[in-house]
Every structure is written in structure tokens, then in C-alpha cells.
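A.B. asks: Take 130 as the starting number for the sequence shown in the numbering used here and just add one per residue. Yeah, the Cβ is synthetic: ideal placement off N, Cα and C, and Gly gets one too. Values in this document were obtained by computation on a predicted structure and should not be read as measured data. Sharing a structure here in C-alpha cells format.
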Amino acid sequence: MKLRWLTILLALAPFSASAHAQIGVYGAFNSVRLTASSVGSSAQTTAWYSGAGAGVYYNFVKMGPIALGADLRGNLLSGNQQKYRSALFGLRLAAKPPVLPIRPYVQASIGAGGASHSGLNGVGTIYSDKFQYLVAGGVEYTVVPHVDFRVVEVGYGRMTGISSGGTAPVATLFSISSGLVLRFP
130 MKLRWLTILL ALAPFSASAH AQIGVYGAFN SVRLTASSVG SSAQTTAWYS GAGAGVYYNF
190 VKMGPIALGA DLRGNLLSGN QQKYRSALFG LRLAAKPPVL PIRPYVQASI GAGGASHSGL
250 NGVGTIYSDK FQYLVAGGVE YTVVPHVDFR VVEVGYGRMT GISSGGTAPV ATLFSISSGL
310 VLRFP
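Structure follows, in C-alpha cells:
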């Protein structure tokens with residue numbers, strides 16, 4: 130009986146560090162390039178959006194220099210009388226190399242996004258809250274304790290063309306951002 134409890138405790142030992150969870154709140158300047166392809170056509174429409182984004186992450190598992198957590202983010206961007214918005218939730222894997230003041234990370238997120246166009250190449254309104262996924266990675270540099278500069282984050286994603294009315298084009302998303310992160314122990 131004691132051997133079984135010892136085995137269970139040893140199996141859970143790597144997760145004991147997860148009691149020290151970490152929360153990060155961030156704000157960023159984002160740019161997103163949306164390329165929409167019409168169904169059954171080779172025509173493409175490309176638009177750039179830029180503006181503010183914000184989010185929060187919560188690292189709930191920490192094993193040595195590796196942390197696994199959840200990320201919730203949103204964007205409100207605009208460009209050339211057009212608007213883009215998104216709300217995404219996903220998993221985040223980050224590393225803190227010993228001695229170096231950087232934190233590289235990758236994450237995969239899903240959620241909803243939408244872009245409204247006012248006559249972009251005669252297409253009219255293209256999106257209104259469609260399913261979206263985004264895979265992103267970046268590097269954060271520690272400026273002072275608990276404050277990081279998000280040097281760069283680059284992401285690639287897709288937004289479905291599923292619509293409640295008519296057929297909407299599928300869109301490819303490329304994002305790049307930079308900002309500040311406040312970490313709370």
C-alpha cells in the first residue's frame with residue numbers, strides 16, 4: 130500500500146511546481162494582412178489592418194524552464210475605412226532558458242474573427258464573426274522584473290468562409306505584433 134502512494138507521489142512530482150502559476154497581461158500593436166479568395170474564382174482581395182490588441186495568459190503547469198498555459202486575446206484593428214476584430218482562446222507553451230532574459234513561446238488558438246469592408250474592390254461586406262484559428266510564436270525580453278517587452282510575435286491563420294447568408298470567401302491571415310507584458314507571480 131505504501132509503495133503505491135510513493136509511486137503516485139513520484140508520478141505527480143513534476144507537476145508540483147505548477148502550484149506557482151503565473152499570470153501575464155499584455156497589450157500590443159498589431160498588424161494583420163487578410164487575403165480573401167472567392168469561392169470558385171482565382172481572384173484575391175488583400176487588406177492590411179493595424180491597431181491595438183490585448184490579452185491575458187495563465188501558465189497553469191510549470192516543469193523546470195517550460196510552462197504550459199492558456200491564452201485569451203482580442204484585436205480591434207482598422208485600415209483604409211475597414212475594420213477587423215477577433216477574439217481567440219488557445220494553449221501556450223513557453224520556455225525560460227537559464228541565465229538568458231528571453232522567453233520564447235508558441236501557441237495555437239481558435240475563436241471568432243471578422244472583417245467588414247466598405248466596397249473593397251467591389252466585394253462589399255465579406256465577414257461577420259467567422260470561425261478562425263491562429264498559430265503564433267514570439268519572443269519576450271525581460272526589461273525589469275515582471276515587465277517584458279514582446280519583441281515580436283508572428284502568426285499564421287485562416288478564417289472560414291462559412292456564413293449564415295450566401296457563400297463568403299476563405300481568408301488567410303498573417304499577423305505581426307509587438308508590445309508590453311506585465312507578469313504577476
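Work out the CA separation of alanine 244 and threonine 174 for me, nearest whole Å.
C.D. replies: 12 angstroms
A.B. asks: Can you tell me which of the three DSSP states glutamine 211 falls into?
C.D. replies: strand
A.B. asks: Have a look at Pro274, Met288 and Pro230 and flag the residue whose alpha-carbon is nearest the alpha-carbon of valine 264.
C.D. replies: Of the residues Pro274, Met288 and Pro230, the one whose Cα lies closest to the Cα of valine 264 is Met288.
A.B. asks: What do you reckon, are the CB atoms on leucine 302 and valine 276 nearer than 8 angstroms?
C.D. replies: no
A.B. asks: Any idea if valine 161 is buried or exposed, counting beta-carbon neighbours within 10 angstroms, 16 or more meaning buried?
C.D. replies: buried
A.B. asks: Could you have a look at valine 276 and say whether DSSP puts it in helix, strand or coil?
C.D. replies: strand
A.B. asks: With DSSP collapsed to three states, give me the class of threonine 289.
C.D. replies: coil
A.B. asks: Assign leucine 249 to one of three DSSP states: helix, strand, or coil.
C.D. replies: With a pLDDT of 48 at leucine 249, under the threshold of 50, the predicted position of this residue should be treated as unreliable, and no value is reported.
A.B. asks: Pull up the distance between the alpha-carbon of leucine 206 and that of alanine 224, whole angstroms please.
C.D. replies: 29 angstroms
A.B. asks: Excluding sequence positions up to five away, which residues of its chain have a Cβ less than 6 angstroms from the Cβ of valine 154?
C.D. replies: Val185 and Leu311
A.B. asks: Is aspartate 200 helix, strand or coil by DSSP?
C.D. replies: strand
A.B. asks: Looking at the structure shown, is phenylalanine 144 part of a helix, part of a strand, or coil, going by DSSP?
C.D. replies: Unreliable placement is indicated for phenylalanine 144, whose pLDDT of 47 sits below 50; the coordinate value is still reported in the next sentence. Three-state result, phenylalanine 144: helix.
A.B. asks: Can you have a look at glutamine 210 and say buried or exposed, based on whether 16 or more other CB atoms are within 10 angstroms of its CB?
C.D. replies: exposed
A.B. asks: With distances taken Cα to Cα, identify the nearest neighbour of serine 307 among Phe278, Gln151, Leu220 and Asp200.
C.D. replies: Phe278
A.B. asks: My output table needs one value for valine 228: the three-state DSSP class, helix, strand or coil.
C.D. replies: coil
A.B. asks: Skipping 5 residues on each side, what residues in its chain have a beta carbon closer than 6 angstroms to that of phenylalanine 313?
C.D. replies: Ile152
A.B. asks: With DSSP run on the structure shown, which of helix, strand or coil describes glycine 193?
C.D. replies: For glycine 193, the three-state secondary structure derived from DSSP is coil.
A.B. asks: Mapping DSSP to helix, strand and coil, what is proline 314?
C.D. replies: coil
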